[in-house]
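Chains as they are written, first to last, in my numbering: chain W, 1 to 261; chain L, 1001 to 1288.
Cβ coordinates follow ideal geometry from the N, Cα and C atoms, glycine included.
Have a look at the structure below, then the notes.
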Amino acid sequence: MSQAAAIEAKNLDLTFETGDGAIQALRDVTLEIGKGEFVSFIGPSGCGKTTFLRVVAGLETPTGGEVRVNGTSPDEARRDRAYGYVFQEAGLYPWRTIAGNVRLPLEIMGYSKSEMAERVNRVLELVELSGFENKHPWQLSGGMQQRASIARALAFDADILLMDEPFGALDEIVRDHLNEQLLRLWDHTGKTIGFVTHSIPEAVYLSTRIVVMSPRPGRITDVIDNPLPRKRPLDIRDTPEFLEVAQRIRKGLRAGHSYGD
Amino acid sequence: MNRVLPILVVLAAILALWYVAVVPMNAGWTIAQAERAGHDLTFADVVADTMNQDRPRLPAPHQVAAELKKTVLDTKVTSKRSLVFHGWITLQSTLWGFALGTTVGIGMAVSIVYSRTANMSLMPWAIISQTIPIVAIAPMIIVVLATLGVEGRTVPKAIISAYLCFFPVLVSMVKGLRSPGAMQIDLMKTYSANAGQTFWKLRLPASMPYLFTSLKVGIAAALVGTIVGELPTGAIQGLGARILIGDQFGNPLMIWSALIAAACLAGALVTIVTVLQSLALQRMGYAR
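Put into structure tokens, the structure is as follows:
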């Protein structure tokens, strides 16, 4: 396996045993994500996109195949603080201020007081939440809460950011704004991002590569290299190149559906 | 004002019902006395008499109020006739029982949440413990403690009080400590947090709203436990003892004034916990 890869998965299988029998959440998933890439995972519910992200994070254990994160096992990678995880819900602690929430992983990892303060300031600035340090989560809008949760994932300087439908619960206008911000953040931090989404435009707008998945069993049906340039204004979404990529994803999603016709 | 008015209305309704009930409850004695003396009574005479008997079946509110004034305000608090003195005895045991019950309840909840074995073994017994009448257990606790050489009644009363108090705290804390969702637990996992960190930084603070709600029930239960503990144990001090002595000596005024004093004490204790709750949760940022 090559050194430059941030995430490598080889013939990954994951079967859940449930009351109604076994469910194949992932079958034979092979994928390599290079350092600094922005890879989106798209597909209908049950296609294993979230499961794949959880396997990378070591939150699920695959039943077959191999996964390496920065060349090590997911558990080791987690101990090395290789990744930050952003969930669909912001999941901020209501009893902590915004700064307190961002400080949470730093406290657990045992940073010094001054280092914590410095990092909290820096990441809050990065997600444009400076000045909200002492607010409690309920005083912030949904979009701001999600930004705070991204700041929390960034606070300990992981190279990899795993994002599981982070903007899925937000309205379209807020989502556009956060997409722009995330792209900018990715551009100047050079992080590797794995991004699960339901939205075709979001996937095309953000990613360098798009992984199309389909359910029963969860598998990869297409991997699309995104030809769009690194700098992307929002109106790039009206260009023919953009629409072409979107078209290809749509086709991939349709082909992957085992139900219907 | 909007919060006080409904309470006053209910209080007025209770007092009105009480006064109405006094007449039929006490009329028998009035009529019997009059027949013996050969008097004829009008309805107004009966009503007037039922309101001011020495040993009424049901004392009228103003009689209870007068008795309360006599035993609370007009008696020195160090006197054995002062309800403040007896209330203080009961309060001490209640607070000890509350502290003990809360500690045991939280301790058991933590072990139940963290240990499957404790969950399967402790929980059924905790539930069974609450189905046993406390009056049946109280004398046994006294006897056992006396055998062990424990002097006085404070400790046994506190234990009986804790016996009632720990259960609501236990149930709420189990729920509170388990309230963080799968996502919150996963988040801690992604930080490689150890069990202690997950407890102190996530489970414990998340359980605080549950804890305070249960403390309100718990402190009232602790008071009830103490009073029950004073009944069958031959205690001569405390509000429970006043109720028992009043009963034995046919002095309903003593029973009722002790009852009202206990109700006021319970109300005060619950109010204090409520104030502490809103202060603590506000400080923690829960309040909006």
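Can you tell me which of the three DSSP states L/Ser1115 falls into? coil
Pull up the CB-CB distance for W/Thr208 and W/Gly252, whole angstroms please, since I reckon it's below 8 Å. The beta-carbon separation of W/Thr208 and W/Gly252, rounded to 17 Å, does not stay under the 8 Å limit for a contact.
Beta carbon proximity, W/Tyr85 to chain L, threshold 7 Å: Look at W/Tyr85: its C-beta is under 7 Å from a C-beta on chain L.
Using a 10 Å radius around the Cβ and a threshold of 16 neighbouring Cβ atoms, would you call W/Trp186 buried or exposed? buried
Where does L/Met1140 land, buried or exposed, given buried means 16+ other C-beta within 10 angstroms? exposed
Counting only beta-carbon atoms, is W/Trp95 nearer than 7 Å to chain L? yes
Identity of the residues DSSP links to W/Glu32 by a beta bridge: W/Glu8
Please identify the residue among L/Met1183, L/Ser1172, L/Pro1168 and L/Pro1232 whose C-alpha is closest to the C-alpha of L/Gly1218. L/Pro1168
Would you please state the rounded distance, in angstroms, between the beta carbons of L/Leu1244 and L/Leu1265? I believe it to be under 8 Å. No, L/Leu1244 and L/Leu1265 are not in contact; Cβ-Cβ is about 17 Å, not under 8 Å.
Outcome for L/Met1108 when other beta-carbon atoms lying within 10 angstroms are tallied against a minimum of 16: buried
Tell me whether the beta-carbon of L/Lys1157 lies closer than 7 Å to the beta-carbon of L/Gly1267. no
Go ahead and label L/Asn1002 buried or exposed: buried means 16 or more other beta carbons lie within 10 angstroms of its beta carbon, across all protein chains shown. The residue is exposed, with fewer than 16 neighbouring Cβ atoms inside 10 Å.
Is the CB of W/Ile108 under 7 Å away from at least one CB in chain L? yes
Which ranges would you report for the alpha helix (DSSP H) in the region 179-226 of chain W if only whole runs of at least 4 residues count? 200-206
Supposed contact pair W/Asp164 and W/Lys191 - C-beta distance, whole angstroms, cut 8 Å: Not quite, the Cβ-Cβ distance comes to about 16 Å (not below 8 Å), so this is no contact.
By how many angstroms is the C-alpha of W/Gly71 removed from the C-alpha of W/Ser2? Note that W/Ser2 scores 45 on pLDDT, short of 50, meaning its location in the model is unreliable; the coordinates nonetheless yield the value given after this. Using only the alpha carbons, I get a separation of about 8 Å.
Status (buried if at least 16 other CB within 10 Å, exposed otherwise) for W/Ser214: buried
Residue from W/Ser149, W/Ile210, W/Glu172 and W/Tyr205 with nearest C-alpha to W/Gly194: W/Ile210
Give every residue of the same chain whose Cβ lies closer than 6 Å to the Cβ of W/Asp28, excluding the five residues on either side of it in the sequence, and list them in chain order. Asn11
DSSP state of W/Asp159 mapped onto helix, strand, coil: Of the three classes helix, strand and coil, the one that applies to W/Asp159 here is coil, per DSSP.
Residue range of the unbroken alpha helix (DSSP H) whose run includes L/Tyr1019: Val1004 to Ala1037
Anything in chain W within Cβ reach of L/Asp1186, meaning under 7 Å, just list it in chain order. By Cβ distance, chain W contributes Leu59.
Where does the unbroken alpha helix (DSSP H) through L/Ile1134 begin, and where does it stop? Ile1134 to Thr1147
Answer with yes or no whether the minimum CB distance from L/Gly1176 to chain W is below 7 Å. no
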